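In the numbering used here, the protein residues as written are 1138 to 1232. For each residue, glycine too, the CB sits at the ideal point set by N, CA and C. Source: prediction; values computed, not measured. Down below is the structure, laid out as structure tokens.
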Amino acid sequence: MITEIGALMHKGAGLELMNELHDDKSILGIFVEAGRTEDLFAFREFGSASENDIVTILVAKRHANRVFDLICSKIGLDEPQRGMVFQMSLIEHPK
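Next comes the structure, spelled out in structure tokens:
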């Protein structure tokens, strides 16, 4: 099974995370996109919106909790308005 881990975090943190996980053999894929949000972060660069990184990580299910905890720690999720992290199992179709 494969697990998708998604995260919204402050701009720049996604690239740092990608560089940190680059050599991790349990990571099947990592993607970083940019976006804007109006209510996730207190700091707003663009009127009512702030820029953020949208990170998607594909990982083998047996490693998902370790990677999830690493992301939460990396972005400081124990403090308010630091981001959001979620995970969900993906269904593999038979070959």
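Query raised in the report: For residue 1195 versus residue 1139, is the C-beta spacing smaller than 8 Å?
Result: For this step, residue 1195 is matched to residue 58 along the sequence shown. For this step, residue 1139 is matched to residue 2 along the sequence shown. Yes.
Cα separation between residue 1148 and residue 1223? To locate residue 1148, count along the sequence shown from 1; it is residue 11. To locate residue 1223, count along the sequence shown from 1; it is residue 86. When rounded, the distance between both Cα atoms is 18 Å.
(Q) In chain order, what are the residue ranges of uninterrupted alpha helix (DSSP H) at least 4 long that sit wholly in the segment 1142-1210? (A) 1150-1158
task: Would you mind reading off the limits of the beta strand (DSSP E) that contains residue 1224?
output: Numbered from 1 along the sequence shown, position 87 holds the residue referred to as residue 1224. Taken as a continuous stretch (DSSP letters only), the beta strand (DSSP E) holding residue 1224 covers 1220-1227.
Suppose the cutoff is 6 Å on Cβ atoms and the five residues either side in sequence are ignored; what does the same chain contact list for residue 1163 look like? Position 26 of the sequence shown, counted from the first residue, corresponds to residue 1163. Closer than 6 Å at the Cβ level, and outside the excluded window around residue 1163, lie 1196, 1197, 1200.
Practice item. Mind reading off the beta-carbon distance from residue 1192 to residue 1146? Whole number of angstroms is fine, and I expect it under 8 Å. Key: What you label residue 1192 is simply residue 55 of the sequence shown in a count that begins at 1. What you label residue 1146 is simply residue 9 of the sequence shown in a count that begins at 1. About 7 Å; that satisfies the 8 Å criterion.
| request: Grab me the residues of residue 1170's own chain with a C-beta within less than 6 Å of its C-beta, minus the 5 sequence neighbours each way, in chain order. | output: Along the sequence shown, read from residue 1 onward, the residue named residue 1170 stands at position 33. Closer than 6 Å at the Cβ level, and outside the excluded window around residue 1170, lie 1191.
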